[in-house]
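Chemist: As you go down the protein sequences, you meet chains A and B in turn.
Just so you know, the first sequence maps onto residues 1 to 229 in UniProt numbering.
Just so you know, the second sequence maps onto residues 1 to 229 in UniProt numbering.
If you scroll down you'll find the structure; I have some questions about it.
There are 2 protein chains.
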Amino acid sequence: MSQRHPSSKIIETFDEQLSSLSSEELQTFIKHVRRRLDDVDEKEKPVKEENNIFSRVFLLSALLILQSGSSFILQSFSDLISRHILITMYLTMLVGAGGNAGNQAAVLVIRRLATSKSFSVRSLILRETFSAVIIGALVTSVGFVRVWIEERGAILPSLTIGIALFCIVTSSILLGTLLPIILQRIIHVDPAHAGPIIQVIMDILGVCITCAVGQTLLVNLSAHKHKEL
Amino acid sequence: MSQRHPSSKIIETFDEQLSSLSSEELQTFIKHVRRRLDDVDEKEKPVKEENNIFSRVFLLSALLILQSGSSFILQSFSDLISRHILITMYLTMLVGAGGNAGNQAAVLVIRRLATSKSFSVRSLILRETFSAVIIGALVTSVGFVRVWIEERGAILPSLTIGIALFCIVTSSILLGTLLPIILQRIIHVDPAHAGPIIQVIMDILGVCITCAVGQTLLVNLSAHKHKEL
């Protein structure tokens with residue numbers, strides 16, 4: 001059954017050496033081995049220059065076209081936007097927060113997928129859902145105070161941006177957790193691609209959430225109040 | 001002068017083994033060595049869980065506060081924004097394009113810094129300046145056509161977004177090239193931190209550029225034309 005490869009004797013010697021070394025010697029030896037491996041790598045495959053201008057332009061243009069989808073949503077809320085400059089003022093902050101939160105969660109999960117041989121996806125999702133709500137609430141309170149100060153204590157604008165921020169940050173963390181797992185386990189694609197996908201999805205979703213919350217609180221609720229008076 | 005370390009004999013043996021192997025055997029041996037090194041790594045330092053909720057909240061809140069700086073700029077252009085919904089419609093697309101272009105350039109430079117022992121910073125900057133203009137022009141033409149179609153052939157809106165897009169993409173690529181080099185060579189900080197810094201700078205700069213171009217083309221130039229008539 002066992003097939004003796006020509007290099008198996010050398011492997012045995014290497015393993016013996018490794019186990020015979022003291023902790024300090026091991027460090028020196030490993031440092032040396034790593035350096036030699038890097039040398040071999042460099043000889044085996046020359047550094048691939050993936051700096052092709054056209055592939056860069058293609059990716060950037062594709063992302064641009066996808067992200068420009070938000071213009072349709074914003075146009076359909078043109079009434080809200082031209083009457084409430086508040087929406088535009090905090091739009092880049094809200095959309096940016098979604099991208100940051102999603103990316104941060106994705107990076108943590110991607111590293112988890114790369115280093116841990118086995119972990120329970122269910123417990124990870126449960127824990128990250130909990131994290132998403134806590135992080136969402138804490139970041140939202142910071143954002144609320146920030147808007148509240150600039151809007152000189154006006155509650156409705158601060159509440160509008162705050163609620164939108166909470167929805168964006170929590171959904172972004174959940175997406176950032178799920179997407180790398182879906183990419184690796186279900187679609188069998190490198191989970192590192194999650195970054196730009198999250199960025200684009202959260203751009204569109206962030207604009208949707210902001211407009212929906214703005215429409216509900218600034219237009220519908222105000223109209224309702226006016227009717228009651 | 002020469003100090004013989006206890007592990008130096010083993011290092012010699014290892015080097016001899018390495019040079020004695022054929023290409024195919026080398027692959028098998030290296031694969032084995034890598035696996036053993038990973039085992040040692042795992043034993044030496046247990047996986048550090050950097051999933052601290054509070055450090056995540058701190059970073060996200062800091063980015064939020066920095067990105068909210070764009071609200072001051074947008075408020076000072078409130079007249080332009082409430083009269084030209086075009087600015088808001090394409091703002092997330094423009095700001096997003098800046099972030100993407102800057103990040104892409106930074107990732108390429110960071111990998112360059114990590115793999116190449118020596119390369120001419122001057123020639124890299126020259127080449128990336130050239131790339132920035134070419135990529136900026138090509139992405140801008142895609143963006144121009146995209147806006148031109150949605151605005152049903154109106155030239156001034158398409159030109160406004162196009163010029164803003166060109167300025168944002170080129171400046172973002174230049175920033176993405178320079179920042180990792182500055183971080184590593186001058187401030188001596190891990191260049192991997194360039195990502196979020198670029199995101200925040202390009203958010204603010206993107207809003208500035210868009211408002212400035214919008215003010216010049218949509219307000220000042222139109223007013224000038226009206227006067228002439």
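Here a beta-carbon is modelled for each residue, glycine too, at the ideal position from N, C-alpha and C.
#1: Can you give me the C-alpha to C-alpha distance between residue 205 of chain B and residue 33 of chain B, rounded to a whole angstrom?
#2: Just the C-alpha distance for residue 31 of chain A and residue 8 of chain B, rounded to the nearest angstrom, thanks.
#3: How is the alpha helix (DSSP H) around residue 56 of chain B delimited, first residue to last?
#4: Please classify residue 52 of chain B: is it buried, with 16 or more other beta-carbons within 10 angstroms of its beta-carbon, or exposed?
#5: Using the Cα positions of residue 19 of chain B and residue 116 of chain B, report the straight-line distance between them to the nearest angstrom.
#6: Name the two residues that bound the continuous alpha helix (DSSP H) containing residue 162 of chain A.
#7: Whose C-beta lies closer than 6 Å to the C-beta of residue 102 of chain A among residues of the same chain, with five residues either side of it excluded?
#8: For the segment 70-92 of chain B, list every residue whose C-beta sits within 7 Å of some C-beta in chain A, in sequence order.
#9: Between which residues of its own chain and residue 170 of chain B is the CB-CB distance below 7 Å, once the five residues before and five after are set aside?
#10: Under DSSP, the alpha helix (DSSP H) around residue 138 of chain A begins and ends at which residues?
#11: Beta carbon of residue 86 of chain B, beta carbon of residue 168 of chain B: below 8 Å?
#12: Quick test of the definition: if touching needs 3 or more C-beta pairs under 8 Å, does the segment 71-84 of chain B touch the segment 74-86 of chain A?
#13: Where does residue 187 of chain A sit, in a helix, a strand or coil, going by DSSP?
#14: Does the pairing of the segment 209-216 of chain B with the segment 63-77 of chain B give three or more beta-carbon distances under 8 Å?
#15: For a contact meaning CB atoms closer than 8 Å, what does residue 52 of chain B contact in chain A?
#16: Just by C-beta distance, which residues in the segment 139-155 of chain B are closer than 7 Å to chain A?
#17: Mapping DSSP to helix, strand and coil, what is residue 21 of chain A?
#18: In chain A, what lies closer than 7 Å to residue 56 of chain B by C-beta?
#19: Quick check on residue 158 of chain A: buried or exposed, where buried means 16 or more other Cβ atoms within 10 Å of its Cβ?
#20: Which residues in chain B have a C-beta closer than 8 Å to the C-beta of residue 33 of chain A? List them in chain order.
#21: Determine the chain B residues that contact residue 230 of chain A at a beta-carbon separation under 7 Å, and present them in chain order.
#22: Express the C-alpha separation of residue 110 of chain B and residue 29 of chain A in angstroms, rounding to a whole number.
#23: Are the Cβ atoms of residue 60 of chain B and residue 139 of chain A separated by less than 8 Å?
#24: Going by C-alpha distance, which of A:35, A:129, A:154 is nearest residue 15 of chain B?
#25: Between residue 199 of chain A and chain B, is the shortest Cβ-Cβ distance under 8 Å, so that the two count as touching?
#26: Along the chain, where does the alpha helix (DSSP H) containing residue 92 of chain A start, and where does it finish?
#27: List, in order along the chain, the chain B residues whose C-beta lies closer than 8 Å to that of residue 101 of chain A?
#28: For residue 98 of chain B, which residues of its own chain have a beta-carbon under 6 Å away from its beta-carbon, when the five flanking residues on both sides are left out?
#29: Where does residue 77 of chain B sit, in a helix, a strand or coil, going by DSSP?
#30: On the CB-based measure, 16 or more other CB atoms within 10 Å of its CB, does residue 128 of chain A come out buried or exposed?
#31: Hey, out of B:107, B:70, B:91, B:63, whose CA is closest to residue 195 of chain A's CA?
#32: If the criterion is Cβ atoms closer than 8 Å, does the pair residue 92 of chain B and residue 91 of chain A meet it?
#33: In terms of residues, what are the limits of the alpha helix (DSSP H) holding residue 205 of chain B?
#34: Is it the case that the Cβ atoms of residue 124 of chain A and residue 184 of chain A are separated by a distance below 8 Å?
#35: Starting from residue 207 of chain B, find everything on chain A with Cβ-Cβ shorter than 9 Å and list it in chain order.
Modeler: Well, looking at it:
#1: Each residue's alpha carbon lies about 48 Å from the other.
#2: 12 Å
#3: 53-67
#4: exposed
#5: CA-CA distance, residue 19 of chain B to residue 116 of chain B, rounds to 24 Å.
#6: 155-181
#7: 172, 175, 176, 198, 202
#8: 70, 71, 74, 75, 78, 81, 82, 85, 88, 89, 90, 91, 92
#9: Here the set comprises 132, 133, 136.
#10: 121-150
#11: no
#12: yes
#13: Reduced to three states, the DSSP call for residue 187 of chain A is coil.
#14: yes
#15: The contacting residues do not exist; residue 52 of chain B stays about 10 Å from chain A at best.
#16: Those residues of the segment 139-155 of chain B that come within reach of chain A (Cβ to Cβ, closer than 7 Å) are 139, 142, 143, 146, 150.
#17: The answer is coil: DSSP assigns residue 21 of chain A none of H, G, I, E or B.
#18: 104, 135
#19: buried
#20: 14, 33, 37
#21: Since the first and last residues shown for chain A are 1 and 229, residue 230 of chain A lies out of range.
#22: 28 Å
#23: yes
#24: Of A:35, A:129, A:154, the residue nearest in Cα terms is A:35.
#25: yes
#26: Annotation: the continuous alpha helix (DSSP H) that includes residue 92 of chain A extends over 85-115.
#27: 60
#28: Shown here for residue 98 of chain B: same chain residues with a beta carbon closer than 6 Å to its own, the five before and five after excluded, namely 168, 172, 202, 206 in chain order.
#29: coil
#30: buried
#31: B:107
#32: yes
#33: 194-214
#34: No, Cβ-Cβ distance for residue 124 of chain A and residue 184 of chain A is not below 8 Å.
#35: 92
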